[in-house]
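Participant: Numbering (the numbering used here), first residue to last: 506 to 838.
1) Which two residues bound the contiguous alpha helix (DSSP H) that contains residue 677?
2) Between which two residues does the alpha helix (DSSP H) harbouring residue 735 extend?
3) Using a Cβ-Cβ cutoff of less than 7 Å, which residues in the same chain neighbour residue 734 once the five nearest sequence positions on both sides are dropped?
4) Counting only the same chain and skipping the five closest in sequence on each side, list residues whose C-beta sits under 7 Å from that of residue 570.
5) Which same chain residues, not among the five before or five after residue 680, have their C-beta less than 6 Å away from its C-beta?
6) By Cβ distance, which residues of its chain are closer than 8 Å to residue 580, with the 5 residues on each side in sequence left out?
7) DSSP three-state label for residue 819, please.
8) Can you confirm whether the stretch 746–763 touches the stretch 719–727 when touching is taken to mean that 3 or more C-beta pairs between the two stretches lie within less than 8 Å?
9) As an exercise, report each continuous alpha helix (DSSP H) stretch of at least 4 residues that is fully enclosed by the stretch 609–669, in chain order.
10) On the DSSP bridge list, what partners appear for residue 712?
11) Would you call the stretch 770–781 in contact with the stretch 698–708, where contact means no fewer than 3 C-beta pairs closer than 8 Å?
12) State the start and end residues of the unbroken beta strand (DSSP E) segment that holds residue 534.
13) For residue 507, which beta-bridge partners are listed by DSSP?
14) Applying the 10 Å Cβ sphere with the 16-neighbour rule, what's the burial state of residue 638?
15) Leaving out five residues before and five after residue 608 in sequence, what residues of the same chain have Cβ atoms less than 8 Å from its Cβ?
16) How would you write the range of the beta strand (DSSP E) that residue 561 sits in, first residue to last?
17) Below 8 Å on the Cβ atoms is my contact criterion, and I expect residue 543 with residue 694 to pass it. Report the Cβ-Cβ distance as a whole number of Å.
18) Given the structure, does residue 525 come close to the ligand MN, in the sense that its CB is under 6 Å from one of the ligand's heavy atoms?
19) Can you tell me whether residue 805 is helix, strand or coil according to DSSP?
20) Distance check for residue 633 and residue 710, CA to CA, integer angstroms please.
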């Protein structure tokens, strides 16, 4: 296949591109290489993809409509994986327009590209953040998610609705994947894991919000990529049992689906820190702080649909994933 991967120099986009290239697919990668975090990390991730003859990298922005139109017209991808987005919950409190431009306007341009170029399947990143104020655990794609607590989460929910309208109007198969706290080698320096590792290594205190009482469904990067590959290879289909009288939030009469990808095993933040301390061989000094605006206390993924439809469930243990992260961190930094 020829696959367009947006955000191809990012944490998940780079890892996915490598897997696609390793199995022989042609990959067209785009990324705007912004300075939200140190751009050198993106360049270093990207250097791995550039070793493959079937990889083409293009620098550009999803919010640039003419750029996206020309990209689709020139390269005519069979399938698209949209991983480009302005990331970060807390940054959305400071710079909301960055999320409007990338996550809403940019995604609209991707949908239009798929519509006009007969794309077979669009897979896109949603987020566990869409569950917002929901407290029923585990989080299910069949539950209502209309109460986001950050603009970032609201844009991800909006992406799901935008995709549905295109699946309905133009019969474009679209699948949204709600990622649950992805971690692992090559992750972003603004994410908690790299912040914690850097602080511990440099004998600085780590900040634990909500007094360390967070619970997260931490999901290792390789498990996320495996889920992406399986979903990409199986375009979304309509649910023949869907009813407008009792609408199901995770499926549709259109070729549109939503799935959770999480470890289905929430871990307390203190245990996450303990696994990092063990892998680093060093104890952390901790600073306990209250819950931050836009944050949620816990996440827990119901992955029954992923198991049923793709015979797949993320399974990398926290200890194993953390060892791999620390090995990369020590080597890279």
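Positions of the beta carbon are idealized from the N, C-alpha and C atoms, including for glycine. The structure presented is a predicted model; accordingly, all values stated were derived computationally and were not measured.
Facilitator: For this structure:
1) Along the chain shown, one-based indexing puts residue 677 at 172. Premise fails: residue 677 is in no alpha helix (DSSP H) and is neither H nor E.
2) Your numbering for residue 735 matches position 230 in the chain shown. Segment 726–737, the alpha helix (DSSP H) holding residue 735.
3) Your numbering for residue 734 matches position 229 in the chain shown. 524, listed in sequence order.
4) Against the chain shown, residue 570 aligns to sequence position 65. For residue 570, where only same-chain residues beyond five positions count, the Cβ hits under 7 Å are 614.
5) For the purposes of this step, residue 680 is identified with residue 175 of the chain shown, where counting begins at 1. Taken in chain order, the residues that qualify are 628, 736, 741 and 762.
6) Residue numbering aside, residue 580 sits at position 75 when the chain shown is read from its first letter. Hits under 8 Å: 507, 509, 533 and 561.
7) Translated into positions along the chain shown, residue 819 becomes position 314. It is coil, neither helix nor strand.
8) no
9) 611–621
10) To locate residue 712, count along the chain shown from 1; it is residue 207. The partner list for residue 712 (beta bridge, DSSP) reads 792.
11) yes
12) Position 29 of the chain shown, counted from the first residue, corresponds to residue 534. Element bounds for residue 534: 531–536.
13) Looking up residue 507 in the chain shown gives position 2. DSSP output for residue 507 lists 531 as bridge partner(s).
14) One-based indexing of the chain shown puts residue 638 at position 133. Burial call: exposed.
15) For the purposes of this step, residue 608 is identified with residue 103 of the chain shown, where counting begins at 1. If we look at residue 608 and ignore the five residues flanking it on each side, its Cβ neighbours are 590, 591, 657, 660, 661, 663 and 664.
16) One-based indexing of the chain shown puts residue 561 at position 56. That run of the beta strand (DSSP E) goes 560–564.
17) Working through the chain shown from its first residue, we reach residue 543 at position 38. Working through the chain shown from its first residue, we reach residue 694 at position 189. Confirmed, Cβ separation roughly 6 Å.
18) Only the bare structure without any ligand can be found here, which leaves the ligand MN out of the picture.
19) Along the chain shown, one-based indexing puts residue 805 at 300. Coil.
20) Translated into positions along the chain shown, residue 710 becomes position 205. Translated into positions along the chain shown, residue 633 becomes position 128. If you take the alpha carbons of residue 710 and residue 633, they lie about 28 Å apart.
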